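Residue numbers (my numbering), protein chains in the order written: chain A, 67 to 364; chain B, 67 to 364; chain C, 67 to 364; chain D, 67 to 364.
Backbone N, C-alpha and C define an ideal beta-carbon position, used for all residues, glycine too.
Model, not experiment: these values are computed from the prediction.
Inspection log for the structure reproduced underneath, given as structure tokens.
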């Protein structure tokens, strides 16, 4: 059986429901649909171990904002997206305390660059508060960290973040990362926010690789955007829907390299979404208008 | 009927042969397989109008070097690839005269950047020959041009090249460009060289967009590497092989954006292949060892 | 006698006046001071051959906008700078006809990158007018060209522009380039606009290198910003003012490399001024508000 | 009295000796001149508190390699420079133990980018040794860290390094940084190596900002290259040599920005020297030929 890969709780729930083997009702999982600023929002709550086991994800809240209509560029599409992400994130985050924002991923590989790129739209204030406490009393203390790539640092992302957390002592951590989805329609159109921590990259089963409350000592919130679909997952879905049961999975792999499906203008889309996420985090943390963020970040 | 897209003459021939409608023998097309430096080489010759019509490509020679084993990084894989490309190209090009090398494509979009990136490994000598004719008498005169992107120049690639050719007056032009393939296995593993000119991008049917002997007044040779597979083409092939006849093509398109299938490490692969192509052109044009190119380009 | 180098007509006039040898009045040169949007403007007019010979610059108009206060970031400093540059340029340029904007200089060398960087803030419309004449009737046709660096193209800037002008047939050309100044206080604070054409780089005395009406066949307007001061010029000035007459010029040269004096944050300053210039050209050519430019360029 | 700024122990010693006030012999400081691979080497040893006070630098060894002739590009200039830096550094460093190399400075400001750029030529091995201990037994464990810029992280370099050192537990740290010199002739021609730790940037007097054995708990070795001369320092020297005693220091400052003197081709020089330093550190740490480094880093 081919394991379909997804980082979205929304899709994990869909997969469970589509599976012929699951004849009972999914227990321990709740899903609620709402809208925010014109964008559909789905909240998947994994309530207990039953739910966690069924969806292969930790207990916690997973919020998904559907930005499909963002790309139609209707009036205020950018500002509405920032407020939608910002307001949902604000409701999830602690209402006070310093924060460390961690951009995971490889800035030299476009679909993986959303973490480091988002930090470029983030208001960094920790050093300003330290130097001018009176003037910056109105700002939450925000610091940022780009983990880099193992091959160019020799240090696991989780190790580096752990060291920094010990030194900087934030109240909580926000990670920003690229995710994998199984649906083309969700690529560069969906933002997931969760309160569960994350195991970046292929770190499955590697305890030390996790970034969560257990390993870092403070709560870890995650913002992610699917930027690629695994080519094999896509094909498996496609063939299944067409009633084909057996297919040669190898046919879908490149001769030497894993393959992904991604939009042709991925560079531009990742850049725009990174700005939405950076500004969304600013919205959630600081008491500022978008025009004020523009001025501070120019 | 879904039109499968390929820029490779090799694949156009395969498609013709696979088609159930083509019950006769393909006339006006010849294919010969050889090897060079350990890499398989296929020469497809389109000999007449019959062949051109069948394969929807102009009459001419199309050489394909299969670099699949390049990525296994066996001894001298880079040097052998340079010599393979270089020797095949040398046999195709005029043995003397100044050359203008044109890097087509968008350097800000990774899979499309192979043209501009290749120029970074090219030995540029025209200005040196002009300034120091005695010292550089041993070098062919080489100049280079990055066409840029229509949206940032307002000028079609073909217009800009035409203007430059009038001024620089090269004996011939070499273009370097990214191609589309229908087979995952050929992405970033195949280099096609042809003596037929090119219609870049989606310029089909646009006479002024062509870069060929007719529009530029000098012969135009083309070097190209497939870096993506159109997602819809891939799926159509896949389903056809699995015996599915009808499928909803829309299912394979992103909500708002055309999709492509590409290797996960496309950034690194495009960078390496660009160097192979730049050095291969140097090999074809100049009488230099690879170590000498390293020294001159460092 | 040490030759002080400046590209500013304003400074050429100052140098003439400071020179002890020039005991008569400077004839054939007129200078008028005004203000625009709060920024001082000086117009130096070289009226005849006498003036041209005295200042070693061609007959024509040279407008200088002093943006020193830009860096104090008072209200609307950016918008005012765009309107100041834009309005002065508009008064100088032909009121209709297509334009080709040429970014001279090396984008990989920060102080030399102002030409190519300015093009990133320019509205490119020629291709849009060609494709959708009705919808874009309200826009002037603008195309752009980055000349690149001789060492990476093998082609002189002037040759490449000449070829493009033949093909694109603009009514006039605007060049954007980095200049040399003799005064630290003018570095990254002064914009010079002239209607005289330009000889880029060290092309002095090289007829073919000029970009002017004679070589291109259409009028050539020039926008430039001094980004460096030649270290030897600075020292000569400094010592002269201190009453030192003889000094060892070699003392001011690096062991192997010419030296320049430049602001520490030159990267950021060049980026900001490039945007002012790009927007200023848009202001001069198109009937648009700055907020509309923001929207079109985002 | 104008305070002349230098980060080179060599120049601090020269300044002491030039000062009219210092009529006695400089005690507690020893200087020895040798050569390595054709490049002059000066070792300044600050032996005690007397010496430290006189030169305003901590007790320790300061080695300076003069690479002036590097830019003449005589045979093997690059390999000889790598071996000169590498051999001197090897003699200074502990002969075993894991190392963390820290690239200080701002990669977006050319003269300040030598730290981060050097890391691109460094062999990173810590993760490989961890994953494949048998295969990589022959390599020292090397990890790397780019500190980033305070304004984009909110975290002081020293804090971030301290956190990482706690987690990674290297036996010692090597920092790479840009330095200030008072002599134009030393810009981009001198490499200083010391065993004394460093206070990066303008952190003078800020205990927490230091990177040294006291703050990090492990020895800290420093590699630095002067890439700029402070414009005011240069002028003060120049005027003093010319017998001018009083001058208006303000005359040497830009209207709003501190100024530096730097080579025109600083971008290219910093890139080349970064490679020398990265390879030099590899040479000091690993038992490899330069050609082997080329292969591993390509």
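As assigned by DSSP and simplified to three states, the class of residue i
| i | result |
| --- | --- |
| residue 329 (chain C) | strand |
| residue 219 (chain B) | helix |
| residue 205 (chain A) | coil |
| residue 190 (chain B) | coil |
| residue 244 (chain C) | strand |
| residue 361 (chain C) | helix |
| residue 123 (chain A) | coil |
| residue 292 (chain A) | strand |
| residue 260 (chain C) | strand |
| residue 284 (chain D) | coil |
| residue 168 (chain A) | strand |
| residue 108 (chain C) | strand |
| residue 268 (chain A) | Residue confidence is low: residue 268 (chain A) scores 44 on pLDDT, short of 50, so the model does not pin down where it sits. No coordinate-derived value is stated. |
| residue 86 (chain C) | coil |
CA-to-CA distance, residue j to residue i, given in whole angstroms
| i | j | result |
| --- | --- | --- |
| residue 162 (chain C) | residue 255 (chain D) | 53 angstroms |
| residue 164 (chain D) | residue 241 (chain D) | 14 angstroms |
| residue 156 (chain C) | residue 183 (chain A) | 38 angstroms |
| residue 58 (chain C) | residue 114 (chain C) | In the structure displayed, chain C extends from 67 to 364; residue 58 (chain C) sits before or after that span and is not available. |
| residue 151 (chain A) | residue 285 (chain A) | 19 angstroms |
| residue 347 (chain A) | residue 153 (chain A) | 9 angstroms |
| residue 23 (chain A) | residue 73 (chain A) | With chain A running from 67 to 364 in the structure shown, residue 23 (chain A) is simply not present. |
| residue 178 (chain C) | residue 185 (chain B) | 21 angstroms |
| residue 210 (chain A) | residue 239 (chain A) | 10 angstroms |
| residue 325 (chain B) | residue 355 (chain B) | 41 angstroms |
| residue 136 (chain C) | residue 130 (chain C) | 14 angstroms |
| residue 98 (chain A) | residue 105 (chain A) | 14 angstroms |
| residue 128 (chain C) | residue 223 (chain C) | 23 angstroms |
| residue 358 (chain B) | residue 352 (chain B) | 11 angstroms |
| residue 189 (chain D) | residue 363 (chain D) | 7 angstroms |
| residue 360 (chain C) | residue 349 (chain C) | 12 angstroms |
| residue 342 (chain D) | residue 244 (chain D) | 14 angstroms |
| residue 85 (chain C) | residue 96 (chain C) | 18 angstroms |
| residue 264 (chain D) | residue 276 (chain D) | 6 angstroms |
Burial state of residue i, where buried means 16 or more other Cβ atoms lie within 10 Å
| i | result |
| --- | --- |
| residue 181 (chain B) | buried |
| residue 142 (chain C) | exposed |
| residue 203 (chain C) | exposed |
| residue 217 (chain A) | exposed |
| residue 198 (chain C) | exposed |
| residue 123 (chain B) | buried |
Closest by C-alpha distance to residue i, when choosing among the options
| i | options | result |
| --- | --- | --- |
| residue 192 (chain B) | C:332, C:215, C:178 and C:200 | C:215 |
| residue 278 (chain C) | C:227, C:87 and C:92 | C:227 |
| residue 283 (chain A) | A:235, A:302 and A:293 | A:235 |
| residue 92 (chain C) | C:110, C:109 and C:120 | C:120 |
| residue 80 (chain C) | C:294, C:355 and C:247 | C:247 |
| residue 208 (chain D) | A:221, A:281, A:305 and A:207 | A:221 |
| residue 82 (chain A) | A:102, A:105, A:117 and A:104 | A:117 |
| residue 174 (chain B) | A:331, A:200 and A:266 | A:331 |
| residue 259 (chain D) | D:78, D:100, D:103 and D:108 | D:108 |
| residue 250 (chain A) | A:233, A:294, A:166 and A:133 | A:294 |
| residue 110 (chain C) | C:78, C:133 and C:138 | C:78 |
Interface flag, residue i vs chain G, CB-CB below 8 angstroms
| i | result |
| --- | --- |
| residue 76 (chain D) | Any reference to chain G falls outside this structure, whose protein chains are A, B, C and D. |
Under 8 angstroms (Cβ pairs) to chain B, residues found in the region 157 to 169 of chain A
none
Closer than 7 angstroms, Cβ to any Cβ of chain D: which residues of the region 226 to 247 of chain A, in chain order?
226, 228, 229, 230, 232, 233 and 234
Contact set between the region 192 to 212 of chain A and chain D, restricted to residues whose Cβ is under 9 angstroms from the partner
192, 193, 194, 195, 196, 207, 208, 209, 210, 211 and 212
Near-chain B residues of the region 333 to 359 of chain C - C-beta to any C-beta below 7 angstroms:
none
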